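Single-structure report; data block below.
There are 2 protein chains.
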Amino acid sequence: MRIKTPKTGSAVPTLADVARHANVSTATVSRCLNSPDQVVGETRKRVLKAVQDLGYAPNFSARALAAKRTKTIGAVIPTMDNSIFARGIQAFQEELGRHGFTLLIASSAYREDLEEEQIRTLAARGADALLLIGYHRNRAVYDMLTARNLPVLVAWAYHADAPQMSIGFDNVTAMAGLARLAIGKGHRRLGFISAPGATNDRARDRVAGVRRAMREAGLRDTDLSLVETQYGIETGEAAFREIMTSATPPTVVLCGNDVLAVGALRAAKEMGLRVPQDVSITGFDDIELAMLAEPPLTTVHVPHREMGRRAAGMLVQILTGQGRPDNVELKTDIRIRQTLGPPPPER
Amino acid sequence: MRIKTPKTGSAVPTLADVARHANVSTATVSRCLNSPDQVVGETRKRVLKAVQDLGYAPNFSARALAAKRTKTIGAVIPTMDNSIFARGIQAFQEELGRHGFTLLIASSAYREDLEEEQIRTLAARGADALLLIGYHRNRAVYDMLTARNLPVLVAWAYHADAPQMSIGFDNVTAMAGLARLAIGKGHRRLGFISAPGATNDRARDRVAGVRRAMREAGLRDTDLSLVETQYGIETGEAAFREIMTSATPPTVVLCGNDVLAVGALRAAKEMGLRVPQDVSITGFDDIELAMLAEPPLTTVHVPHREMGRRAAGMLVQILTGQGRPDNVELKTDIRIRQTLGPPPPER
DNA sequence: CGAAAACGTGTAAGCGCTTACATTTATCTC
DNA sequence: GAGATAAATGTAAGCGCTTACACGTTTTCG
Numbered sequence: 001m002r003i004k005t006p007k008t009g010s011a012v013p014t015l016a017d018v019a020r021h022a023n024v025s026t027a028t029v030s031r032c033l034n035s036p037d038q039v040v041g042e043t044r045k046r047v048l049k050a051v052q053d054l055g056y057a058p059n060f061s062a063r064a065l066a067a068k069r070t071k072t073i074g075a076v077i078p079t080m081d082n083s084i085f086a087r088g089i090q091a092f093q094e095e096l097g098r099h100g101f102t103l104l105i106a107s108s109a110y111r112e113d114l115e116e117e118q119i120r121t122l123a124a125r126g127a128d129a130l131l132l133i134g135y136h137r138n139r140a141v142y143d144m145l146t147a148r149n150l151p152v153l154v155a156w157a158y159h160a161d162a163p164q165m166s167i168g169f170d171n172v173t174a175m176a177g178l179a180r181l182a183i184g185k186g187h188r189r190l191g192f193i194s195a196p197g198a199t200n201d202r203a204r205d206r207v208a209g210v211r212r213a214m215r216e217a218g219l220r221d222t223d224l225s226l227v228e229t230q231y232g233i234e235t236g237e238a239a240f241r242e243i244m245t246s247a248t249p250p251t252v253v254l255c256g257n258d259v260l261a262v263g264a265l266r267a268a269k270e271m272g273l274r275v276p277q278d279v280s281i282t283g284f285d286d287i288e289l290a291m292l293a294e295p296p297l298t299t300v301h302v303p304h305r306e307m308g309r310r311a312a313g314m315l316v317q318i319l320t321g322q323g324r325p326d327n328v329e330l331k332t333d334i335r336i337r338q339t340l341g342p343p344p345p346e347r
Numbered sequence: 001m002r003i004k005t006p007k008t009g010s011a012v013p014t015l016a017d018v019a020r021h022a023n024v025s026t027a028t029v030s031r032c033l034n035s036p037d038q039v040v041g042e043t044r045k046r047v048l049k050a051v052q053d054l055g056y057a058p059n060f061s062a063r064a065l066a067a068k069r070t071k072t073i074g075a076v077i078p079t080m081d082n083s084i085f086a087r088g089i090q091a092f093q094e095e096l097g098r099h100g101f102t103l104l105i106a107s108s109a110y111r112e113d114l115e116e117e118q119i120r121t122l123a124a125r126g127a128d129a130l131l132l133i134g135y136h137r138n139r140a141v142y143d144m145l146t147a148r149n150l151p152v153l154v155a156w157a158y159h160a161d162a163p164q165m166s167i168g169f170d171n172v173t174a175m176a177g178l179a180r181l182a183i184g185k186g187h188r189r190l191g192f193i194s195a196p197g198a199t200n201d202r203a204r205d206r207v208a209g210v211r212r213a214m215r216e217a218g219l220r221d222t223d224l225s226l227v228e229t230q231y232g233i234e235t236g237e238a239a240f241r242e243i244m245t246s247a248t249p250p251t252v253v254l255c256g257n258d259v260l261a262v263g264a265l266r267a268a269k270e271m272g273l274r275v276p277q278d279v280s281i282t283g284f285d286d287i288e289l290a291m292l293a294e295p296p297l298t299t300v301h302v303p304h305r306e307m308g309r310r311a312a313g314m315l316v317q318i319l320t321g322q323g324r325p326d327n328v329e330l331k332t333d334i335r336i337r338q339t340l341g342p343p344p345p346e347r
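These protein sequence lines map, in sequence, to chains D and B. Our numbering applies: residue 1 is where the first sequence begins, and numbers increase by one. Our numbering applies: residue 1 is where the second sequence begins, and numbers increase by one.
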C-alpha cells in the first residue's frame with residue numbers, strides 16, 4: 001500500500017505545509033500573508049516563522065486562480081530592439097513595483113497581427129490591466145478587452161475625443177511645431193521620413209502635423225517628399241538617399257523618429273552633405289541617441305519617464321478601486337541642437 | 001432560490017462552457033487544445049468551432065496550476081534602460097516564441113538584492129526555467145533554484161569549469177585581446193573604467209583580462225589606473241576626467257562597456273583631447289552606439305543575437321526533455337574602428 | 001450581569017484546468 | 001463471428017490557494 005503524497009522534505013512547500021508546521025489552518029496562513037492585521041500577533045509570529053523555516057513562497061498560479069487577480073500588468077510595445085520605449089517602460093515598471101504590481105512585457109515587432117496575439121496572451125495570462133502603445137488596433141481586440149472587463153491604458157498618444165483611457169501627447173501638434181520651426185527658417189521644400197502609417201496612428205499623426213504646418217504657411221502638398229519605411233538606422237539611410245536624389249530635393253528632412261534621423265544623418269555624411277549647412281535633419285522622441293549624434297540632433301523631446309511613471313499611477317488607481325483617472329496630455333517641447341538651420345542659398 | 005452560476009453571456013467562457021457547447025466532456029476539449037491528435041477529426045472540428053463561437057481562451061493560471069508547467073521562461077537582466085541586453089533578449093524572445101514559450105522579463109537595476117527578489121518572484125510565478133546574466137549571485141539563490149528543480153541558464157559569461165549551464169564568452173580572454181592590441185600599439189600606461197566589480201563577475205573578468213595582458217607584456221600593476229563606476233554615460237564622463245587628471249595620465253582608456261566609452265569620448269571632447277591622437281579609448285559589447293559614436297568606437301564585438309537565439313534553444317531543449325545541452329562558448333572579436341591609435345609621442 | 005458586538009480562527013467550497021483511470025465503441029485476428 | 005486489442009471519450013480527483021460562512025471567545029455596555 002502506497003502512502004498518498006508522503007510529506008517528503010525536498011518538494012516545494014505549500015500553504016498546507018506551513019499550516020501544519022505552525023499548527024493553524026490554511027486560512028490563517030493565507031490571512032497572515034494577505035491581510036496580516038486580521039491575525040493576532042502571537043499566531044502571526046508563529047506562522048511567519050514557519051514560512052521562514054520552510055522557505056515557503058506562495059504559488060502564483062494557485063493564488064491567481066483563487067483570487068481572480070494577478071497583481072500583474074501587461075504591456076505590449078512595438079519594439080525592445082531600441083530605446084524608444086525602454087526608458088518609459090523602465091519608469092513604468094519601477095512605479096508598478098512600488099505598488100506591488102509586476103510587469104509582463106511583450107513586443108510586437110511593429111506587427112499588427114503579432115500585437116493582437118500578444119494582447120490575447122496577456123489577457124489569458126490574467127493580466128489585471130494592459131498598457132498599449134497608440135490607439136490603432138482592430139475593433140475586435142477592444143471588444144474582447146471590454147468583454148473581459150480588462151482596463152486598458154493607451155500611451156504614447158493622446159486624442160482628446162478618443163474613448164480609451166490614455167496618457168500621451170498630441171503627435172500632430174508636436175510635429176507641427178517642429179515643422180513650423182523649419183518653415184520659419186525659410187525652408188520651402190520639405191522631406192519627411194515616416195514609419196509605416198498603415199498600422200501606426202502616431203506615424204500618421206506626425207505626417208498630419210507636417211501637413212498642417214505647411215498648409216498654414218501656404219505651401220502645397222507637392223512641396224512635401226514623403227517616404228515611408230520600416231524602423232531602423234539602415235532604412236533611414238536608404239530613405240534619405242531616395243529623397244535626396246529626386247529632381248528637386250528638399251532642403252530639410254524631418255524624420256518620424258530619432259533612429260530614422262540618425263540614419264539620415266549618416267547617409268548625409270556619406271553623400272558629402274554637411275548638416276545643417278547643405279541640408280537640415282530633425283528627429284522625434286529625443287532618445288539618448290539624439291544627443292550623441294554628430295552633430296547633435298534637433299528633435300522633439302518626449303517626457304518618456306514621466307509618461308511611464310504616471311501611466312503606472314493611473315493603472316494602479318483603477319485597480320485599487322480609486323476610480324477612473326483623468327486622461328493626461330503631456331507636453332512635448334523642441335530641443336534645439338545643431339541639425340536644423342536655414343536652407344542653403346539658392347543657386 | 002438562487003440558481004447557481006447561471007450561464008449568463010457576458011462572463012469569460014471556460015472550458016466547461018466549451019464542452020457543453022460542443023456536447024463533449026471537458027477532458028475532450030482539453031485534449032483538443034493540447035494534443036489534438038488524440039481526438040478524432042469530427043469531434044475536434046466541433047470543439048474548435050465551439051471555441052471560436054465562444055471566443056474561448058484558456059485560463060492560464062488554471063492551466064499552470066493543473067499541469068505544473070507554464071510554458072514561461074523568466075529572465076532577469078541588469079538593465080533595460082539601454083541596449084546592451086536588448087538585442088540579445090529580443091532574439092531570445094523571438095526564438096522562445098517560435099517554440100510556444102513566453103518570456104517574462106524583470107530587471108534588477110544592477111542590484112544584487114533586487115535580482116534575488118526578482119528571481120524569487122519569477123520562480124513563484126512558475127517560470128519553467130530561468131535565464132540569468134553572469135554567474136555571480138548568492139549561494140542561497142542557486143540552492144533555492146536547485147531545490148525547486150528549476151533549470152537555470154547563465155548567459156553573457158562563460159567559465160569552462162562552472163557548474164551552471166551556460167552560454168556566453170570568456171570575458172577575461174576577450175578583454176585581454178583588446179588590451180594586448182592596445183599594448184601592441186605602444187601604450188604603456190593604461191586606464192580602465194570598469195563597472196562595479198563587487199557583484200558583477202563580468203566586470204571583474206574584464207579587469208582581470210587587462211591585467212593578464214599587462215603582465216604578459218611585462219607592465220606593472222601600477223601602470224593601470226582603474227576606476228569603478230556605475231553604468232552610464234555621465235558616470236563614464238566623470239570617470240574619464242578623474243583618470244585623465246592624475247599626475248601621469250594613461251595614454252589609452254579601456255572601458256568595461258560601450259556606454260562608459262561613449263561617456264569617456266564625450267569627456268575627452270570637452271577636455272579638448274583628440275581621439276585617438278591625444279588619447280585612445282575603447283569599449284566593449286559593440287552595441288549600436290559604438291558605431292554611431294564620433295569617432296566610431298573600437299570595441300569588442302559580442303554576438304548578442306546569436307547568444308539570445310541559442311540560449312532559447314538550449315532552454316527549449318531541456319524543457320522538452322531532449323536532454324541537457326552542452327555549454328556553449330561564443331567567440332568575440334575586436335571591431336577596429338577609429339578610437340584606438342598609438343600613444344602620442346612623449347614630450 | 002447578560003445580550004450584543006467584535007474578534008480570531010477553522011471549515012470547506014470552489015477557482016478552471018489537466019490527466020490517470022474507467023468506460024464505451026470501433027477495429028482486428030483467426 | 002467471438003474474443004481480444006486499440007482508439008475515442010468520459011469521470012472525477014486533484015493542483016495550491018482564497019474567502020464566505022460558521023463557530024467559539026472576548027470585550028462592551030446598558
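Here a beta-carbon is modelled for each residue, glycine too, at the ideal position from N, C-alpha and C. Given the structure is predicted, the values throughout are model-derived calculations rather than measurements.
Within a Cβ cutoff of 7 Å, which residues of the same chain sit near B:E242, ignoring the five residues on either side of it in sequence? Hits under 7 Å: V227.
Please specify which runs of the beta strand (DSSP E), each continuous and at least 3 residues long, are wholly inside the stretch 29–97 of chain D, giving them in chain order. Those beta strand (DSSP E) runs which fall completely within the stretch 29–97 of chain D and span 3+ residues are 72–77.
Given this structure, state the Cα-to-Cα distance separating D:D286 from D:V300, to the nearest angstrom. Taking the straight line from one Cα to the other gives about 6 Å.
Cβ-based neighbour list, D:K7, same chain, cut-off 6 Å, excluding 5 preceding and 5 following: Note on D:K7: pLDDT 38, under 50, position unreliable in the model; the coordinate value appears next. Result list for D:K7: empty, nothing under 6 Å.
Residue environment, D:N34, which counts as buried when at least 16 other CB atoms sit within 10 Å: Of the other Cβ atoms in all chains shown, fewer than 16 fall within 10 Å of the Cβ of D:N34; this residue is therefore exposed.
With a threshold of 16 other CB atoms inside 10 Å of the CB of D:V210, please say whether the residue is buried or exposed. When all chains shown are included, D:V210 counts as buried.
Out of B:V12, B:P343, B:K331, B:R335, which one is the CA nearest neighbour of B:T173? Nearest option by C-alpha distance: B:K331.
Do we get a CB-CB distance below 9 Å when we pair B:E294 with the residues of chain D? So yes, B:E294 belongs to the interface.
Shorter than 8 Å, the distance from the beta carbon of D:Y231 to the closest heavy atom of the ligand MN, or not? In terms of ligand content, the structure shown is empty, and the ligand MN therefore cannot be addressed.
Locate the alpha helix (DSSP H) running through B:I233, then write down its first and last residues. From DSSP, the alpha helix (DSSP H) with B:I233 extends over 233–244.
Using DSSP's beta-bridge definition, name the partner residues of B:D285. Residue pairing for B:D285: DSSP places it in a beta bridge opposite B:H301.
What does the alpha-carbon distance come out to for the pair D:A57 and D:P13? Between D:A57 and D:P13, the C-alpha separation is close to 8 Å.
So, for D:L190: in the same chain, excluding its five sequence neighbours on each side, which residues have a beta-carbon less than 6 Å away from its beta-carbon? The beta carbon of D:L190 lies closer than 6 Å to those of L224, P250, V252 in the same chain, with the five residues before and after it left out.
Would you say B:Q52 reaches chain D, if we count a Cβ-Cβ gap shorter than 9 Å as a contact? At a cut-off of 9 Å between beta-carbon atoms, B:Q52 makes no contact with chain D.
What residue from B:D221, B:I133, B:V47, B:A147 has the CA that sits closest to B:I84's CA? For B:I84, the nearest C-alpha among the options comes from B:I133.
Leaving out the 5 sequence neighbours to the left and right, which residues in its chain are closer than 7 Å to D:Q352 when beta-carbon positions are compared? Lying outside 1 to 347, the shown extent of chain D, residue 352 of chain D is not represented and no answer is given.
Residues of chain B with CB under 8 Å from D:G126, in chain order? Annotation: Cβ neighbours of D:G126 in chain B (cutoff 8 Å, chain order): N59, F60, S61.
Residues of chain B with a CB under 8 Å from the CB of D:L349: which are they? Because chain D spans 1 through 347 in this model, residue 349 of chain D falls outside it and cannot be assessed.
From D:P345 to D:I183, what distance separates their C-alpha atoms? Here the C-alpha atom of D:P345 lies approximately 15 Å from the C-alpha atom of D:I183.
Buried versus exposed call for D:D333 [16 or more other C-beta atoms within 10 Å across all chains shown]: Counting C-beta atoms within 10 angstroms of its own C-beta, D:D333 has fewer than 16 neighbours from the protein chains shown and is therefore classed as exposed.
Roughly how many angstroms separate the alpha carbons of B:H21 and D:V18, rounded to a whole number? Rounded to the nearest angstrom, the two C-alpha atoms are 41 Å apart.
Give a yes or no on whether 9 Å exceeds the smallest Cβ distance from D:L104 to chain B. Closer than 9 Å: yes.
Taking C-beta to C-beta, are D:I73 and D:A127 nearer than 9 Å? Yes, the Cβ-Cβ distance between D:I73 and D:A127 is below 9 Å.
D:M80 touches chain B at which residues, Cβ-Cβ below 7 Å? Result: A86, I89, Q90.
Compute the Euclidean distance between the alpha carbons of D:A217 and D:L178, then round it to the nearest angstrom. Here the alpha carbons of D:L178 and D:A217 stand approximately 13 Å from one another.
For a cutoff of 9 Å on Cβ pairs, would you count D:Q322 as touching chain B? At a cut-off of 9 Å between beta carbons, D:Q322 makes no contact with chain B.
Residue from B:V262, B:P276, B:C32 whose Cα sits closest to the Cα of B:G283: Per the Cα distances, B:V262.
Limits of the alpha helix (DSSP H) - the one that B:R20 falls within: First-last of the alpha helix (DSSP H) with B:R20: 15–22.
Opposite D:T102 in the DSSP bridges: which residues? Answer is D:T72.
Endpoints, alpha helix (DSSP H) assigned at B:I183: Per DSSP, the unbroken alpha helix (DSSP H) holding B:I183 starts and ends at 171–184.
Check whether the Cβ atoms of D:A311 and D:G88 sit closer than 9 Å, and answer yes or no. In terms of Cβ geometry, D:A311 and D:G88 form a close pair [threshold 9 Å].
I'd like to know if D:I233 contacts chain B, where contact means its C-beta is closer than 9 Å to some C-beta of that chain. Chain B, which has a Cβ nearer than 9 Å to the Cβ of D:I233, makes this yes.
Would you list the one or two residues that DSSP bridges to D:R324? Beta-bridge pairing by DSSP links D:R324 to no other residue.
Taking only beta-carbon positions, decide if B:M175 is within less than 9 Å of chain D. Output row for B:M175: interface = no.
What do you get for D:S30, buried or exposed, if any count of 16 or more other CB atoms within 10 angstroms of its CB means buried? With 16 or more other Cβ atoms within 10 Å, it is buried.
So, using beta-carbon positions, are D:D201 and D:A160 closer together than 9 Å? Not closer than 9 Å, so no.
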